[in-house]
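The structure appears below as structure tokens.
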């Protein structure tokens with residue numbers, strides 16, 4: 064009666080293969096991703112007095128505090144760079160990564176209500192978060208560029224260089240890393256809520272394990288190999304170097320960082336895809 | 003020969019008991035450590051009142067080997083008691099969760115109305131929410147743009163479309179949300195109880211829209227407790243019980259079988275339920291009298307199925323006279339499970355009723371029969387009601403409702419036997435002889 068070879072649009076079964084990332088479906092839902100971005104951006108600062116000015120206040124104040132605490136009081140060297148520029152370059156970049164990670168890490172739990180009622184590719188939510196944060200990053204990045212220009216015109220010893228052309232890749236890598244780790248944590252929190260507590264202070268610890276308030280050159284040579292394991296160290300280093308022209312960029316670190324990024328992304332998305340099918344039963 | 007739209011093959015859904023809710027890593031480590039030392043798991047489920055569908059090892063089958071084929075253009079109603087697996091099936095069909103075993107194949111775009119308004123954000127305007135909600139449900143921006151005007155006029159909130167929806171009344175919100183969902187135009191539409199929202203007029207509009215969708219040759223799977231809606235909309239009914247398909251047939255036959263086997267679980271019987279169980283002398287054309295509803299209420303007017311022995315049980319009988327009726331009789335029977343007659347009461351036992359019921363004009367009426375407190379024992383009682391217009395019609399509704407009585411005891415003494423009646427009777431006692439005389 065029925066043709067067994069009938070073309071089925073959707074086949075629902077318990078498990079599909081590990082490598083089941085349906086990019087075509089994600090592409091079909093691209094409008095949804097953009098609408099999520101729009102929603103998050105529009106609603107983020109509604110009913111706040113300063114509105115989007117918060118985007119500017121936050122990195123400027125962090126830079127001020129870092130300059131006073133780590134620069135003036137602790138007197139941590141900055142590779143001979145103006146302290147505000149040294150800190151702000153890293154803060155802006157780190158903020159993007161950290162906000163991607165924390166915001167995507169509660170994807171499944173925070174959206175359980177809507178996920179429990181209607182199907183759409185779950186990855187649209189963390190992807191939209193990464194894009195929303197990119198918009199925030201661009202605004203903060205513009206503030207950084209103004210500061211850079213200010214110091215440059217005053218004749219500070221900074222040498223923006225050809226590495227600047229790689230900055231878009233660095234930004235992409237940070238987004239991907241944030242997404243990867245965030246989605247990983249999100250998948251794990253469906254089983255163990257412990258991970259959600261871990262995120263906020265884990266990110267803070269990670270910040271100190273990354274050369275943000277100190278330059279890599281301050282780390283003894285025999286420990287520097289450790290920084291090859293931290294994918295963010297190389298990214299921040301390269302980012303800073305591109306604009307300021309000081310510090311150290313090690314090709315090996317960049318390569319391992321890239322490798323870690325790719326592995327984390329693939330592994331976390333595979334895990335996410337497995338978890339998303341059934342997490343509604345246990346949440 | 004029409005194509006198959008949905009093919010469900012041997013689908014089961016197993017839930018592991020005890021893993022619902024939040025989990026903490028240390029609890030798992032604790033359980034693991036306890037098992038390792040051969041001790042009892044401190045986090046094991048406590049309690050014995052587990053459902054019958056536990057397959058051992060704390061597993062619970064919400065769906066048990068369900069198979070069916072639904073043809074393109076068919077409207078199928080899915081009914082069953084609470085916990086029968088209806089919602090689980092719909093969740094799997096809409097891909098909110100995956101089955102444990104079995105395969106479902108779908109042909110065509112699927113949209114589900116598990117609950118309207120998912121993804122609405124209060125800060126956004128109506129317009130923005132229409133686009134967002136449409137995208138969540140699977141439409142792209144072009145599609146929503148084309149249907150936007152139609153959606154807005156269907157919802158009837160044109161004037162407020164650029165106002166944030168947090169300023170909307172709940173009725174407006176539901177109308178807008180349903181309007182978006184109704185314009186999805188998927189090949190397969192899954193609907194769960196959405197019609198429980200909104201006012202009666204809007205519900206009618208929704209049902210009409212669904213009827214239109216069905217006429218356009220789309221496939222609809224409809225889960226509802228609204229028997230009338232299922233009968234009107236669906237040509238086929240599937241009854242689930244304990245995770246299995248127990249009835250699968252045309253809606254008329256399926257509903258009749260379902261209602262006849264259903265143990266009544268409500269304190270309220272609707273006109274439909276009464277109609278389907280009614281016996282006796284019934285005039286199908288030009289009826290004189292008909293039931294509208296029979297309810298079990300407590301003293302505050304709240305429907306209940308369980309009463310304490312020290313409170314009255316009120317049985318409300320609502321009926322309609324389609325023409326002038328003389329000397330009508332209403333009687334209430336209480337029986338036990340095996341149809342043993344326990345109690346009989348007639349409304350004209352009450353002298354006040356005689357005059358009232360001598361002549362009833364056309365219209366709807368309500369009568370209340372009150373079973374006094376401190377009469378019944380701890381038992382389950384079934385209520386049957388008769389409505390009689392002598393020599394014309396005699397409507398009998400056997401065992402339409404049931405209720406439990408919890409015996410409360412008297413004077414703080416709570417000695418309970420499974421008797422049907424345990425009234426507080428008058429007793430007498432006196433001393434008739436002194437003990438010394440007795441000894442003689």
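Chains as they are written, first to last, in our numbering: chain A, 64 to 346; chain B, 3 to 442. Beta carbons: idealized from backbone N, C-alpha and C, even for Gly.
By how many angstroms is the C-alpha of residue j removed from the C-alpha of residue i?
i, j, result
"residue 193 of chain B", "residue 224 of chain B", "5 Å"
"residue 213 of chain B", "residue 71 of chain B", "21 Å"
"residue 430 of chain A", "residue 245 of chain B", "The structure shown does not extend to residue 430 of chain A, since chain A spans only 64 to 346, so no value can be given for it."
"residue 63 of chain B", "residue 166 of chain A", "36 Å"
"residue 401 of chain B", "residue 271 of chain B", "11 Å"
"residue 353 of chain B", "residue 360 of chain B", "12 Å"
"residue 171 of chain A", "residue 184 of chain A", "12 Å"
"residue 210 of chain B", "residue 332 of chain A", "43 Å"
"residue 121 of chain B", "residue 115 of chain B", "12 Å"
"residue 208 of chain B", "residue 180 of chain B", "8 Å"
"residue 217 of chain B", "residue 393 of chain B", "46 Å"
"residue 157 of chain B", "residue 166 of chain B", "16 Å"
"residue 323 of chain B", "residue 96 of chain B", "46 Å"
"residue 384 of chain B", "residue 152 of chain B", "51 Å"
Is it buried or exposed, residue i, if we count other Cβ atoms within 10 angstroms and call 16 or more buried?
i, result
"residue 88 of chain B", "buried"
"residue 34 of chain B", "exposed"
"residue 330 of chain B", "buried"
"residue 141 of chain B", "buried"
"residue 51 of chain B", "Here residue 51 of chain B scores only 38 on pLDDT, less than 50, and its place in the model should not be relied on; the value that follows carries that caveat. With fewer than 16 other Cβ atoms within 10 Å, it is exposed."
"residue 186 of chain B", "buried"
"residue 227 of chain A", "exposed"
"residue 235 of chain A", "exposed"
"residue 70 of chain A", "exposed"
"residue 424 of chain B", "buried"
"residue 18 of chain B", "exposed"
"residue 316 of chain A", "buried"
"residue 328 of chain B", "exposed"
Quick one: does residue i have its CB under 9 Å from some CB of chain A?
i, result
"residue 76 of chain B", "no"
"residue 66 of chain B", "no"
"residue 99 of chain B", "yes"
"residue 358 of chain B", "no"
"residue 137 of chain B", "yes"
"residue 47 of chain B", "Because residue 47 of chain B sits at a pLDDT of 48, beneath the cut-off of 50, its placement in the model cannot be relied upon, and the following sentence gives the value as read from the coordinates. Not an interface residue."
"residue 102 of chain B", "yes"
"residue 88 of chain B", "no"
"residue 143 of chain B", "yes"
"residue 140 of chain B", "yes"
"residue 219 of chain B", "no"
Just list the residues that DSSP pairs residue i with in beta bridges.
i, result
"residue 152 of chain B", "The partner list for residue 152 of chain B (beta bridge, DSSP) is empty, contrary to what the question assumes."
"residue 323 of chain B", "B/291 and B/365"
"residue 383 of chain B", "B/405"
"residue 302 of chain B", "DSSP lists no partner for residue 302 of chain B."
"residue 9 of chain B", "B/71 and B/107"
"residue 192 of chain B", "B/114 and B/223"
"residue 462 of chain B", "Limits of chain B in this structure are 3 at one end and 442 at the other, which puts residue 462 of chain B out of reach."
"residue 270 of chain B", "B/297"
"residue 243 of chain B", "B/246"
Taking residue i as part of the beta strand (DSSP E), name the residues at either end of that continuous run.
i, result
"residue 66 of chain B", "61-73"
"residue 98 of chain B", "Run containing residue 98 of chain B: none; DSSP gives neither H nor E here."
"residue 164 of chain A", "It is not in any beta strand (DSSP E) - residue 164 of chain A instead sits in the alpha helix (DSSP H) that spans 146-168."
"residue 310 of chain B", "308-310"
"residue 78 of chain B", "77-81"
At what residues does the alpha helix (DSSP H) containing residue i begin and finish?
i, result
"residue 344 of chain A", "314-345"
"residue 132 of chain B", "128-138"
"residue 277 of chain B", "273-279"
"residue 251 of chain B", "Residue 251 of chain B -> not in any alpha helix (DSSP H); beta strand (DSSP E) instead, spanning 246-252."
Chain B beta carbons: is any one of them nearer than 9 Å to that of residue i?
i, result
"residue 196 of chain A", "no"
"residue 106 of chain A", "yes"
"residue 169 of chain A", "no"
"residue 72 of chain A", "yes"
"residue 180 of chain A", "yes"
"residue 75 of chain A", "yes"
"residue 371 of chain A", "This structure does not reach residue 371 of chain A, given that chain A is present from 64 up to 346, and the question cannot be answered."
"residue 282 of chain A", "no"
"residue 335 of chain A", "no"
"residue 264 of chain A", "no"
"residue 87 of chain A", "no"
"residue 112 of chain A", "no"
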